[in-house]
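Chains as they are written, first to last, in our numbering: chain A, 1 to 275; chain B, 276 to 843.
Here's the structure we're looking at; comments come further down.
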Amino acid sequence: MTTTGTLYIDKKSPIHSLDGSIKLLMLLVWTAIAFLFTDIRVFLSLILGGALLIRMANITFKEVKPLVVFLLIFTLFNSLFLIIITPAYGSELIDQYTPLFNILGRPLTYETLWFAITLSLKYLSILPITIIFIFTTHPSRFASSLNKIGISYKIAYAVNIALRYIPDVRDEFVNIMHAQEARGVAFRKGEDSLINRFKNYNTILIPLVLSSLNRVEVVSNAMNLRGFGSRKTRSWYNGKKYGEFDFLVIALLLVGAVAGVLINKFYLSGFWYPF
Amino acid sequence: MKKERTKNIIEFKNFTFQYRSLGTPTLKNIDLSIQSGEKVLIAGPSGSGKSTLGHCLNGLIPFSYAGMIDGKLKINNIEPYKTSIFDISSHISTILQDQDGQFVGLSVGEDVAFRDENSNVDVDIMKKNVMTALKNVDMENHILKSPQELSGGLKQRASLAGIVMSEAPILLFDEPLANLDPISGRSAMKLISSVHEKSNKTIVVIEHRIEDVLAEKFDKIIIIDNGIIAASGTPTELILDGSLRRFGLREPLYIETMRHANIDLKELDFLNINNLNTTNIKENINNWIENVTPKIRSYDEKILEVKNLTFSYNKRENIIKNINFDLYKGEIISLLGNNGAGKSTLSKVITGICKKSNGTVSYKGKNIDSWSIRKRGQEIGYVMQNPNHMITQETLLDEVSFGLKHRGYKKVEILEKAENTLKICGLHAFRNWPITALSYGQKKRLSIATILALDPSILILDEPTAGQDYKHYLKFMQFIESLSKTGLSIIFITHDMHLALEYSNRAIVLSNGEIIRDDTVSKVLSHTETLNRANLKKISVSTLAEVLNIDEKLMLETFINHDHREMV
Chain A
1 MTTTGTLYID KKSPIHSLDG SIKLLMLLVW TAIAFLFTDI RVFLSLILGG
51 ALLIRMANIT FKEVKPLVVF LLIFTLFNSL FLIIITPAYG SELIDQYTPL
101 FNILGRPLTY ETLWFAITLS LKYLSILPIT IIFIFTTHPS RFASSLNKIG
151 ISYKIAYAVN IALRYIPDVR DEFVNIMHAQ EARGVAFRKG EDSLINRFKN
201 YNTILIPLVL SSLNRVEVVS NAMNLRGFGS RKTRSWYNGK KYGEFDFLVI
251 ALLLVGAVAG VLINKFYLSG FWYPF
Chain B
276 MKKERTKNII EFKNFTFQYR SLGTPTLKNI DLSIQSGEKV LIAGPSGSGK
326 STLGHCLNGL IPFSYAGMID GKLKINNIEP YKTSIFDISS HISTILQDQD
376 GQFVGLSVGE DVAFRDENSN VDVDIMKKNV MTALKNVDME NHILKSPQEL
426 SGGLKQRASL AGIVMSEAPI LLFDEPLANL DPISGRSAMK LISSVHEKSN
476 KTIVVIEHRI EDVLAEKFDK IIIIDNGIIA ASGTPTELIL DGSLRRFGLR
526 EPLYIETMRH ANIDLKELDF LNINNLNTTN IKENINNWIE NVTPKIRSYD
576 EKILEVKNLT FSYNKRENII KNINFDLYKG EIISLLGNNG AGKSTLSKVI
626 TGICKKSNGT VSYKGKNIDS WSIRKRGQEI GYVMQNPNHM ITQETLLDEV
676 SFGLKHRGYK KVEILEKAEN TLKICGLHAF RNWPITALSY GQKKRLSIAT
726 ILALDPSILI LDEPTAGQDY KHYLKFMQFI ESLSKTGLSI IFITHDMHLA
776 LEYSNRAIVL SNGEIIRDDT VSKVLSHTET LNRANLKKIS VSTLAEVLNI
826 DEKLMLETFI NHDHREMV
């Protein structure tokens, strides 16, 4: 994480130069398509395409490792629960039963196993585009591009200001925790029971909320005194106009979205089970 | 050619203001005028109403803080409370006290551009403006940095860049020195002066750190006390008639020194320290030095021993390096150093918040390296700079009991201990009050009470005097001194040289994570090389000694031994 508290990594690439609102649109279209299908071939091609985009954005694996690991663990548990709770779900979908072995007295079928894999890949197929959105979109530029697509600049700026204060609040949280710890409040393993330790985090909450409220007062004063909200529109220091590349990507996205819907409707609808 | 200063740019006429939530007015019948191009200091103790006066000027009153206004106020021919906060901002620009809070942008450039953005200035022009503004304050190389990467002084500079760009003829600085170390404070004041000279704008500074402010020329000082204008005049006039001292404001230390030495200030150009080299003054000071008897204290029971302590976050770069020092029972020491010297890190390593990379810490001869933060907290109390970070409960009694409860004391014991501690700290009368009703200074004392209740043998105080005016400073420090007489050892972490000079027995100077000096306060503060290396400011008592060609160490010793408490 950088000192600004956001995950944005400053690099030069076509993906970085793409307008934030378009990246948001891309994320939405991509996610919608992923959820339209239950077809492993689609997900594999999405993952492959996403990997290419990540490569284009010069993002290294090291930078995104924590996020990837988190999502892998999440999908793994997700599949496990699916298998344990509904071991025959995949079979019901396509009405085909090929039992593998018994799980908690009920048969797990090959079809369910395939379904679990498909579902995991569905989640993973959204990962590359999420990474691209988070790691290549400058928060201020994103705020300005939200404003550009018609969202009120006050709301757009709220996004910006929230990001601005994440590191401050994070530091404050740690500070308060240490102060309480030195007073004898237990936060660490072995010092008290899990429930009590969890309860103790409550003690941090009050000073944190109070100081955050105070912060809000100072910021809003500072913003008012410098003319925020005095006009109907505002310009953006980090703002940019849409370029040719942006329009090209919009066009591609439209084509992609329409193609996705059509393919889903006429060719690859439903759960695909090859065996 | 100088512009004629005849026009009143700010004019209060029989002005009264009362906050909606309060029962009595905070400002009462203010009559005050400031002329165009003047540089004015508004001073006063905390709670005097000086900040409220500032809020009336920049429009935060009544637009952010509602209340009742009576009488008249005119700024640059408008009546601010009848317009809007935005209109006012084109007549008067403000730099707020809280450097972190007022930094709105994610980067320096963005923050400087904020005003232009809101006025819908074209991006290309805006970028040019930002560059010009940053060049004005020598910060063009920091344009991409985020606020977290900047020191307090640089943040101050960036916010100055942001307002210098505005067209407003008046600049208002609300406690510009708060949280700045002396060197940054000095350069901030210089910067304000140079803006004044270049632009001929009217400058209003609200501040109680008189010594740092008066190093620059001011046309007028206005002292607010209890909501009224208690005194106003040129700095020379107010020092001569003793107004500053009467209203709980501290005069520059070298002037205090001259008063100790019974030097008649009349007829002297005393605001300019370099003009004070006369035989008369020298004679008086020498007399004074001879007549003050030294106090000698010695300590023999070692309580804390720090050996070869090293700490780094990433194993490559050591934040503190090879630290060695001892602390004795009942001793008060000051850990001096500029921002980033490693003072706070050192205290965090001692309290266990940061894990040392090398070296040992021993308490009463026992190695405590394996002790947790909690266990160390029992013996070594750590009081943070901001009392709001330490307060978690609703009433004072609850707050003090809270730590005891977590230490597993019995109910009866808790009540007894908590009440006792509150008595010692002079807060017993408020024990059932909500903490929110306390003043900043009282909260600070409460935060110490919460730690004292746990019976530590060592107290580490991080910037104990930050944000307190002189009256409260004195009261507070006398309280701390009385604690040390009971055998408590105290470590101040501070860049306040006055605090170090007057209340500690020993000073340890940190620079770049290393101890560069550990000696008596007078020796440390008279050692120019040490001060320069640590980027610390010489205090004006030494400067006076230098001007008079008197031994600096001797002069500082005399100053320390002189009973400074008589000054209130």
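For glycine and all other residues, C-beta sits at the position ideal for the given N, C-alpha and C.
Nothing here was measured: the structure is a model prediction, and the numbers come from that model.
| Item | Value |
| --- | --- |
| Beta-carbon proximity check, I699(B) vs K639(B), cutoff 8 Å | no |
| is_contact[E191(A), chain B] using C-beta, thresh 8 Å | yes |
| Nearest neighbour of Q431(B), chosen from G384(B), L584(B), H483(B), F378(B) [CA to CA] | F378(B) |
| Member of A616(B), D744(B), K750(B), G701(B) whose CA lies at the smallest distance from the CA of V784(B) | A616(B) |
| Integer Cβ distance of N411(B) from V387(B), believed to fall under 8 Å | At roughly 10 Å, the Cβ-Cβ gap does not stay under 8 Å, so N411(B) and V387(B) are not in contact. |
| Reference L210(A), options L48(A), S45(A), N102(A), F173(A), closest by Cα | F173(A) |
| Three-state secondary structure assigned by DSSP to F173(A) | helix |
| Contact list for the segment 131-147 of chain A against chain B, Cβ threshold 8 Å | P139, S140 |
| Per DSSP, cross-strand counterpart(s) of D793(B) | I783(B) |
| Buried or exposed by the 16-neighbour rule on C-beta atoms within 10 Å, applied to D10(A) | exposed |
| Chain A within 8 Å of M659(B), Cβ atoms only | yes |
| Chain B within 8 Å of H16(A), Cβ atoms only | no |
| Cβ pair N393(B), R164(A) closer than 8 Å | no |
| Distance, I497(B) Cα to T3(A) Cα | At T3(A), the pLDDT of 49 sits below 50, so the modelled position is not reliable and the matter cannot be decided from this model. |
| Proximity below 8 Å, CB of L811(B) to CB of M772(B) | yes |
| 4-residue-minimum alpha helix (DSSP H) runs that sit fully inside the segment 648-735 of chain B, ordered along the chain | 648-654, 671-681, 686-699, 715-727 |
| Minimum C-alpha distance to L25(A) - residue among F275(A), L252(A), E217(A) | L252(A) |
| Under 7 Å by beta carbon: chain B residues contacting G227(A) | F361, S364, R390, N393, S394 |
| Rounded C-alpha distance that separates G376(B) from G523(B) | 28 Å |
| Runs of alpha helix (DSSP H) wholly within the segment 49-127 of chain A (minimum 4 residues, chain order) | 61-85, 89-94 |
| C-alpha distance - G612(B) paired with I33(A), whole-angstrom precision | 59 Å |
| Alpha-carbon to alpha-carbon, I126(A) and I40(A) | 13 Å |
| Identified DSSP bridge partners for M343(B) | Q293(B) |
| L819(B) versus L776(B), P451(B), T553(B), residue with shortest Cα-Cα distance | T553(B) |
| Cross-chain neighbours of D397(B) in chain A, by beta carbon under 9 Å | S235 |
| Extent of the continuous alpha helix (DSSP H) to which K577(B) belongs | K577(B) -> not in any alpha helix (DSSP H); beta strand (DSSP E) instead, spanning 577-587. |
| Interface flag, D246(A) vs chain B, CB-CB below 8 Å | no |
| Classification of T803(B) by the beta-carbon crowding that lies within 10 angstroms, buried from 16 upward | exposed |
| Classification of Y588(B) by the beta-carbon crowding that lies within 10 angstroms, buried from 16 upward | exposed |
| Proximity test, Cβ basis, 8 Å: P167(A) and chain B | yes |
| C-beta neighbour in chain B for I176(A), strict 8 Å | yes |
| Stretch pair the segment 412-428 of chain B + the segment 253-269 of chain A: three plus CB contacts closer than 8 Å | no |
| Residue interval of the alpha helix (DSSP H) (run including S468(B)) | 457-474 |
| Host alpha helix (DSSP H) of I400(B) (start-end) | 398-411 |
| Other residues of its chain near I285(B): CB distance less than 6 Å, five sequence neighbours each side excluded | I309, I350 |
| Backbone secondary structure at T369(B) - three-state DSSP | strand |
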